[in-house]
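This report refers to the structure that appears directly beneath it.
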Amino acid sequence: MPDTAVASHAITVEDVEYQPGMLARLYRPRGTGPFPAALQVHGGAWTSKDRTDNDFMAKALAESGIFVASIDFRMPPVAPHPGSIQDINLGVRWLKANARSFGSRPEWVGSFGTSSGGHQVLLAAMRPTDPRYTILPGPAGVDAAQAWVISGWGVLDPLLRYNLAKQAGKQDLVHHHNTFWLTEEAHAEAAPPTMLKRGEKCALPPALVFGGDRDEWVPVELMRSFVADYNKAGGHAELQLYEGADHGFMTGKPNAPYAARALDRMKEFVRKHTTP
């Protein structure tokens, strides 16, 4: 039986380049493995934060026997959309190409992200071969298809959140949207719920969508309808809601009981889809 069955692992943490000038922070469980492998994509309204965001989540997953690579990616003003998705696509390919040296398997590589990162992991997972996203050179013969994907309080519909931010007078947030997306059309074109509703042919790896029932930016009905449409399209998606939790509930209150439950749910989902 692989070491993922062990309850707790000592871990090592190190930074490496996954492309020139771009770092990934590796959280590696000690042991022989094989371990599931996760690419983590941070939040920050597509425009801020870095690979150190959600450090407590990455450590908890690694200690449970899941290898985590948390990546930096390009953001405005260096690159608007789709620059970050190009980096994420390359990150998946890089992780798959190196999976065995990290004690994992290429077919066990998936991703998780929170907030805007939760949007980006879904977009990258659903469009792994989109030529707009595969433009960066990487390992030969390796694609960006994923074994699983987890979106935590993901901004599923960027245009909806943009309009909600404008209505709420959140000018800083509106500015972040404008600098990343540039146009409302780009917001809508890259919204996973809209992609499904217009019948786009998408990759549909097993997906876990979770969030709080008091999220002011991602309405519960949006989460429910997206999961329903994902399953209707032939995928397997699960929805987990946490009562009383708002947007960013795990990072804002990492010691709250629902944060621990959400971490356990993530571990359970990953293992379910990486069983030998």
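Under the working numbering, the first residue of the sequence shown carries the number 9, and numbering increases by one thereafter.
Backbone N, C-alpha and C fix where the C-beta goes; we use that ideal spot for every residue, glycine too.
Predicted model only: the values in this text are computed from it and were never measured.
- When the Cα atoms are used, H50 and A176 turn out to be separated by approximately 24 Å.
- Taking the C-beta atoms as reference points, W225 is found no nearer than 9 Å to V278.
- Assignment of beta strand (DSSP E) within the region 61 to 120, counting only whole runs of 3 or more residues, yields 75 to 79 in chain order.
- Nearest in C-alpha terms to G160, of all of Y250, S56, D151, is Y250.
- According to the DSSP assignment, P37 belongs to the beta strand (DSSP E) that extends over 30 to 37.
- Taken in chain order, the unbroken stretches of beta strand (DSSP E) that lie wholly in the region 200 to 275 and span 3 residues or more are 215 to 220, 245 to 250.
- Contact check for W54 against F234 fails: the beta carbons are separated by 9 Å or more.
- For the pair G73 and G39, the CB atoms are nearer than the 9 Å cut-off.
- Leaving aside the five residues that flank F64 on each side, the residues in its chain whose CB is nearer than 7 Å to its CB run, in chain order, P262.
- Collapsing the DSSP output to three states places V21 in a strand.
- K275 sits close to L69, with the two beta carbons spaced by under 9 Å.
- Remark: three or more beta-carbon pairs, one from each stretch, lie closer than 8 Å, so the region 165 to 173 and the region 189 to 201 are flagged as touching.
- Between V157 and A133, the beta carbon gap of about 4 Å places them in contact (Cβ cut-off 8 Å).
- Here P214 is near A155, since their CB atoms are less than 9 Å apart.
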